[in-house]
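Comments concern the structure below.
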Amino acid sequence: MASRQRRGATLNQLSTKPTYYTTLGPTYPGGRCRSSMDGSIWLYRSVPLKPVVDARDDKAAMDAMTPLFRAYVELAGLVDASSNRRYTARSSYRRTHALLLNIQENFHLSWTHPLGAYLNKGFGEEPVDKRLLLFGVQLNDKVGGGGGFRDRVDSLAAFFKDGLIPLADFDEDYARVDAALARCGLIVPRPEQLKLADAYWNLGDTPATPRLNHLEHMHVFHSPDSMRIAEIVGTENCESLEAVPGQSAVTYASVTEFDFDFDSPTDPVAHWVSTVIDEGAIAVSVRGLVEPAKMTRNQLRTQRKRFIRDIEDRRKQGQLSRSEQDEMLMKLGQVEDHYGKGGANPSLIDASALVAFSGIKSLDTFNSASNPIRLAPMTLLQPGAMAETWLCSNVRANPKLHDIPVQVIAASGMTSLSFVGDADGALVGFTERDRQPAWLSPKAASAKDKLPLFLCAASTGSGKTMLLLNLADQWARGGESGVIIDPKQGSDHSAVVEACGGQTIRLDDIRSADGIFDPIRFSASTEVGVELASSMLLSINVWGDSSAKARVEQPLGEALRYGVEQGATCIGEALAIADRELDHLPEDMIRRVLSEARNSATFSALCGTDPQSQALTVAEGITLIMVGDNHLNVPLAGQAPDGLGQRTALALVRMMVFGSAAALRSRGGGFVSLDEAWMFLGAGAAEVERLGRLARSQRVLPLLFTQRVTDALEAGLKGYISRLAIGPLEDEDEAIAACRIAGLNPERYKARIMLPGTLGGDSHTGEQPNWDSMHALKSPRNSRILRGSIFIYQDLDSRAVPTEIRLTDEFHRLASTNPEDVELRKRERATTLRDGADLLV
């Protein structure tokens, strides 16, 4: 059968000065793409991205690297060469292309999103990374696609007609390669992903952009108008060109050296692609032939003497010292040992690695650092370098080629993307490294049948109360209902709550607080309400010693049950009815309860006396329950309550948790945020544990915010916590406890968790912000916020990624607990009330 040659240049005649805007021609179902230059067919797949640099541990990092690594291994397994010599076998090697793109764009939600208008207004100028990794394999054709004689004749006829090999001739190889890549977890790219890859230098818009080539970079103009302006200001003046609207510069560089010394794939030094991304790379392209390990081993054996001779010649010519010679011989021995083992990995031979940087990039600083790679500008080869990165391209402009193990690419951080959180919900912030939006949904745990509790652990003043309010505010704007319980004396978050249409209940006002957490009012059934009310009153024990308590235990339950059967809707009303109609009750049993309800706002919240007062009903949005000027006198964790006041406070803590969840259950679910959660963990651990068991079925998300993490461990709540946010913690024991609850290695995380927020300064500069810390950073000059607090956010999938907490300016002003901000809000509130009164007059 006659042989066929594709239209276009052969591999020995490849041009490095393309006249095309792109080499991507027609695309077909299944990720198949045809080159517009030589008609070849490539199969492209999208590689899943996961945290590598920010992986929680080495296993998670290796899991993220595995799909790309296995893709190379699978392709090496497809080589069917009868010879063990590279020269003979290389024609059967698979030609591959790994293309990583990292384009910055502004944060934007669809305007139909429940929080679209609000968050777009607050963060519309926030840059986020749009990252994509494509893996391509050039397919082999077979005349007739493996069919019969008629198919082969039709195939040849089609080829002679238009010069292109019919797509059907690639079907057999497509099926083989497609199955191999599918086994690795690679998926078919979406059309918009191929579009982005075809014009990444133009944000995926159109590849047909005017370009101006300079010695070591190029200028891209996103419209003909911008090119005309450039001609006016001068095409050789880069400073003037930078001011041209619709212009951007790209610098292409070649990776000229790899030096890893057999480092572990999880060692940060191996993540060279992550390093260039941090330096502003918008694309990394790696092309090469996949060679089975046995071929590389045979090549090393064949070429061993030449390698040694070359090393000795370089030393004799003064290019190497004796120590450098010994080091290179030692590395050669290590390589031979590696490939001499049965489990050796494939190699990528004739590998070309190119990096495209945004802007005019100087490589001096990068190469002077202790990086395991070296970069060189593609001098006079910028157009060819760009063309080499194109999909389906046959242009090879990089003069520096390498033979490297495939793990140098797979472990490079090419598969790394630091993202975390749920698919929707409230915006927690943006991941510190890759600026990905991090979301927290109040329904995700129930929907996925995961553990229900969310724990936020951070020191006082670190921003956790701000996070609490920000989440609640967004959920309320999105249509969710919830309760915030603030047990701290003097704390007042009503401005935030009222701004989004919520309601505030104060527990320092007896009339307002009357029966708000009365078990008879919030319980789902009469029987449960009576039992819970009796248990609560006995735990408070207003009657005195234990003997008095024992004396009233049975008649108290009887009185409550009788009153409820007669129609009472709260404890006080039930006892008053029983006192009037039952003659055999102990003297003073009911009088002492009603007396305490009249004299104590805390007790009044638990024991309603007015049948007309409202039960705790959660309205749409946020219900804030605050102690106001009251002092919630709970005992320290592990200590018995000292006196009636502490026993009442303990009971209130328990009923707060239980009553709030019950009120939300009647609305179909929601969230309960417990500020200063150490009080609840120490005083009401049993109720919080019960809430942990029931929250999933009640569709309630309990959120606990505390600086005393050890209390959560002692309360036995680790088995109910699925999501965490760990912020700055000054105490080492608390930092270790937070890591242990999250299942993180304290030795890896605690140092940063405990770093102070400022460094030393002088009398002129003041304390300087410590960018390595997790504290919110402010300018020493004007107190302007430079960066929000960093929290290690662990999600339902056990990703644990440092995330910057971000607040809109409007929300920050409303929610700040800074005394100056609080005083300003009070003055503004007074002015508003005064203006309103004047209008009425």
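Numbering (our numbering), first residue to last: 8 to 848. Here a beta-carbon is modelled for each residue, glycine too, at the ideal position from N, C-alpha and C.
In the three-state reduction of the DSSP assignment, Q573 falls in the coil class, being assigned neither a helical nor a strand state. In terms of Cβ geometry, L514 and M633 form a close pair [threshold 8 Å]. Using a Cβ-Cβ distance cut-off of 8 Å, the region 772-784 and the region 390-409 are not in contact, since fewer than three pairs of beta carbons, one from each stretch, lie closer than that value. In the three-state reduction of the DSSP assignment, I812 falls in the strand class, which pools E and B. Rounded to the nearest whole angstrom, the C-alpha separation of S99 and L106 is 22 Å.
Taking P217 as reference, the option from N244, P787 and Q254 with the minimal CA-CA separation is Q254. In this chain, G295 is not harboured by any alpha helix (DSSP H); it is covered by the beta strand (DSSP E) spanning A288 to E298. The three-state reading of DSSP puts D493 in strand, counting E and B together. P134 has N113 as its beta-bridge partners, per DSSP. Taking all protein chains shown into account, H591 has fewer than 16 neighbouring C-beta atoms within 10 Å of its C-beta and is therefore exposed. Residue pairing of C463 in beta bridges, as defined by DSSP: F712 and A732. The C-beta distance from V664 to V625 rounds to 14 Å, too long to meet the 8 Å contact threshold. Taking all protein chains shown into account, E603 has 16 or more neighbouring C-beta atoms within 10 Å of its C-beta and is therefore buried. For I629, the enclosing beta strand (DSSP E) has its first and last residue at I629 to M633.
For L601, the enclosing alpha helix (DSSP H) stretches over residues M596 to N606. The beta carbon of S501 sits closer than 7 Å to the beta carbons of T511 and L631 from its chain, once the five residues preceding and following it are set aside; these are given in chain order. Between V59 and S448, the C-beta spacing is not below 8 Å.
The C-beta separation of L736 from L460 comes to about 19 Å, leaving the pair out of contact by the 8 Å criterion. Taken atom to atom, the span from the alpha-carbon of S786 to that of R715 is near 29 Å. Here F364 is bridged, per DSSP, to T258 and A288. In the structure shown, I194 adopts extended strand secondary structure according to DSSP, grouped into three states.
Residue pairing by DSSP places N352 in no beta bridge whatsoever.
Taking C-alpha positions only, E565 is separated from I733 by approximately 48 Å. Looking at the DSSP output, F265 sits in a beta bridge with I380.
The criterion of a C-beta distance shorter than 8 Å is satisfied by V276 and D270.
Considered as a whole, the region 193-235 harbours 198-205 as its complete alpha helix (DSSP H) runs of no fewer than 4 residues, in chain order. Here DSSP, grouped into helix, strand and coil, assigns A358 to strand. Here S377 has no same chain residue with a Cβ atom under 8 Å from its own Cβ, once five neighbours each way along the sequence are excluded.
Leaving aside the five residues that flank N637 on each side, the residues in its chain whose CB is nearer than 7 Å to its CB run, in chain order, Q496, L514, D515, A608 and T609. Relative to M44, the option among T30, N477 and R93 whose CA is nearest is T30. Inside the region 745-807, DSSP marks whole alpha helix (DSSP H) runs of 4 or more residues at positions 753-760, from first to last along the chain.
If you draw a straight line from the Cα of L82 to the Cα of V297, it is about 7 Å long.
Annotated three-state conformation of P449 is coil, per DSSP. Only buried fits W482, as 16 or more other CB atoms lie within 10 angstroms of its CB. The C-alpha of R321 lies about 19 Å from the C-alpha of K407.
Going by DSSP, L474 is part of the alpha helix (DSSP H) stretching over K471 to R484.
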